[in-house]
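Numbering (my numbering), first residue to last: 11 to 566.
By construction, the Cβ of each residue, glycine as well, lies at the ideal position given by its N, Cα and C atoms.
Quantities reported herein were computed from a predicted structural model and do not represent experimental measurements.
Let me begin by presenting the structure, written as structure tokens, before commenting on it.
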Ligand code: ADP
Ligand code: MG
């Protein structure tokens, strides 16, 4: 049969997978089980919401079948299955995943730890197998198909016999070599260990089917009997008690769910038993997702209705300014049959969303107080989003967010909170001063900062485009107004003796300068704020020089 070539991107990824010698090979099983579980989620959800389908909970399971004679390992599921077209598009291309774009952007040359990093699950089978066969029958379909591939040079698809709806993934394990052992993936103890480690909380039974030789008592002949044993505890991690769980369990869940390719910076396990009940596990990623500050990025949490997944990314659960949060929510008080459109208006969901928002805020404040370094890492990555949050929606969220902000301080030489700034203000200081520029180094050289710094006042250095917009939106913090060091009136009493009257010569010079500069400046005046610099710009009105720059760079 003629082979169909993989799409170019898939082919490259596949090659990386096959030659990957670094990542833990055992994770292929986690990936295949996770796909099986996803497929059962889909059929289970259908059965629960579609009256024409009957269902029996015992019908949903995953089976792991090692066969030492054939050197195959089979992962079988009773999930939704795939049609011929789905076999083509789901296993023949990875166009849907953003992983390849990421890899290219970051020039990751080999497959080093690529599985741990991206959700390119299915292909991980090729780390341990030199041939992979997938036999699948889709729900509502009469025919079944066999998909088969020996790696990067392509795959075949042909009609096949299969009675039950679902999928079987058969791995033809590679031969052992001097430094690689694949036989272990046929061993009962090893499979049990891997399943326990990565897939314990999968909500469907994972049955390990082991063939044992049994001697018949009477005839003395040996016969093969297959014993099945459910290996996983099936209690989803979010329903377990926090004290039963270790950091590692939360980290594994994060990876298993492909919430991110990093390690989470922080996790939160929430259980609310009020009038509205829900469980949630939320994460703050350590690294910025590659598409985070683009329009491609989709915020949202997984939403379960009493244990059944109803949406992969429910955006209504997170405000935009916390869009970096990953995780899931499970609630008995959200209906299984709810449509996307209705979700937006669902009262219970709104209550949950508000509750979650407050918990995230509290957690961040906690981190700021108790784990300053961690918080600074967080803020370096996602602070922009918080500042954007202050500015957006006409400042509606500013009260909520202002205490989460950090700005670089001229005095402390590190990021500080507004609270810290205000608590250090001398009594005669009227304003919270700030200066804007591309970098701390450049701001330090600004002549306009001299007078303020000379008075011994602290200055906040705003180096991010959005900073000043956020500051303007805040207007005040604890009753203290913000003031740019470039503004005309700094509210600083200057020494009267120093205040020079403008002489005739001065005026002639200033008029000349104004003539030369023309429309570029509004006026040229004598200033009392300069020390070591001969000249500086200052502004009148609301818009500062930096804001003007940003505004003029913005598309109309
Ligand atoms: P992901 O799970 O992140 O989507 P994978 O590479 O693991 O990526 O799987 C690709 C796709 O193949 C899945 O999204 C799914 O549509 C399909 N698929 C894989 N395994 C199964 C399965 N056992 N049953 C049904 N569909 C599957
Ligand atoms: Mg997968």
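Asked                                                                                                                                                                             : Found
Please determine whether the Cβ atom of residue 46 lies at a distance below 8 Å from any heavy atom of the ligand ADP.                                                            : yes
Tell me whether residue 536 sits in a helix, a strand or coil according to DSSP, three-state version.                                                                             : coil
Report the three-state DSSP secondary structure of residue 488 (helix, strand or coil).                                                                                           : coil
When you compare each of 138, 174 and 177 to residue 186 by their alpha carbons, which one comes out closest?                                                                     : 138
Have a look at residue 351 and residue 207 and give me their C-alpha separation to the nearest angstrom.                                                                          : 38 Å
Near residue 57, what residues of its chain come up, given a Cβ to Cβ distance below 6 Å and the 5 sequence neighbours on each side ignored?                                      : 63 and 65
Out of curiosity, what's the CA-to-CA distance linking residue 232 and residue 218?                                                                                               : 22 Å
Looking at the strands, I want to know which residues DSSP matches up with residue 204.                                                                                           : None, per the DSSP bridge assignment.
Any contact of the region 317–327 with the region 385–397, i.e. 3+ C-beta pairs under 8 Å?                                                                                        : no
Which partner residues of residue 281 appear in the DSSP bridge assignment?                                                                                                       : 289
Check whether the region 420–437 and the region 333–341 touch, using three or more Cβ-Cβ pairs below 8 Å as the test.                                                             : no
Can you tell me where the alpha helix (DSSP H) with residue 46 in it begins and where it stops?                                                                                   : 37–59
With a 10 Å radius around its C-beta and 16 neighbouring C-beta atoms as the bar for buried, classify residue 315 as buried or exposed.                                           : buried
Counting Cβ pairs closer than 8 Å, one from the region 223–232 and one from the region 243–260, do we hit at least three?                                                         : no
Any heavy atom of the ligand SAM inside 8 Å of the beta-carbon of residue 181?                                                                                                    : Summarising the ligand content, the structure contains the ligand ADP and the ligand MG and does not contain the ligand SAM.
Among the residues of its own chain, which have a CB less than 6 Å from the CB of residue 309, if the five just before and after it don't count?                                  : 325, 328 and 333
For the beta strand (DSSP E) that residue 348 lies in, which residues bound it at each end?                                                                                       : Careful: residue 348 lies outside any beta strand (DSSP E) and carries neither H nor E.
My output table needs one value for residue 322: the three-state DSSP class, helix, strand or coil.                                                                               : strand
On the three-pair Cβ rule with 8 Å, is the region 169–189 touching the region 81–96?                                                                                              : yes
What's the gap between the Cα of residue 14 and the Cα of residue 312?                                                                                                            : 35 Å
Can you tell me the Cβ-Cβ gap for residue 289 and residue 248, rounded? I've got them flagged as a contact below 8 Å.                                                             : 4 Å
In the DSSP assignment, find the alpha helix (DSSP H) that holds residue 96 and state where it starts and stops.                                                                  : 94–101
Would the C-beta of residue 100 count as close to the ligand ADP, meaning under 8 Å from any of its heavy atoms?                                                                  : yes
Is DSSP giving residue 421 helix, strand or coil here?                                                                                                                            : coil
Which residues bound the beta strand (DSSP E) around residue 337?                                                                                                                 : 336–341
For residue 389, which residues of its own chain have a beta-carbon under 6 Å away from its beta-carbon, when the five flanking residues on both sides are left out?              : 416
Can you find a heavy atom of the ligand MG that lies under 8 Å from the Cβ of residue 132?                                                                                        : yes
For the region 251–276, which segments carrying the alpha helix (DSSP H) assignment without a break, of at least 4 residues, lie completely within its bounds, in sequence order? : 257–266
With 16 other CB atoms within 10 Å as the buried threshold, where does residue 375 fall?                                                                                          : exposed
Taking all protein chains shown into account, decide if residue 102 is buried (16 or more other Cβ within 10 angstroms of its Cβ) or exposed.                                     : buried
Quick check on this structure: which residue in 503, 274 and 292 has the alpha carbon closest to the alpha carbon of residue 299?                                                 : 274
Here's the rule: buried if 16 or more other CB atoms are within 10 angstroms of the residue's CB, otherwise exposed. What is residue 354?                                         : exposed
Considering Cα atoms alone, identify which of 215, 303, 11 and 305 is closest to residue 68.                                                                                      : 215
Count the other CB atoms within 10 Å of the CB of residue 242; is the residue buried (16 or more) or exposed (fewer)?                                                             : buried
How many Å lie between residue 221 and residue 198 at the Cα?                                                                                                                     : 10 Å
Quick check: the Cα distance between residue 124 and residue 77, rounded to an integer number of angstroms?                                                                       : With a pLDDT of only 46 at residue 124, under the threshold of 50, the placement of this residue in the model should not be trusted, and no figure is reported.
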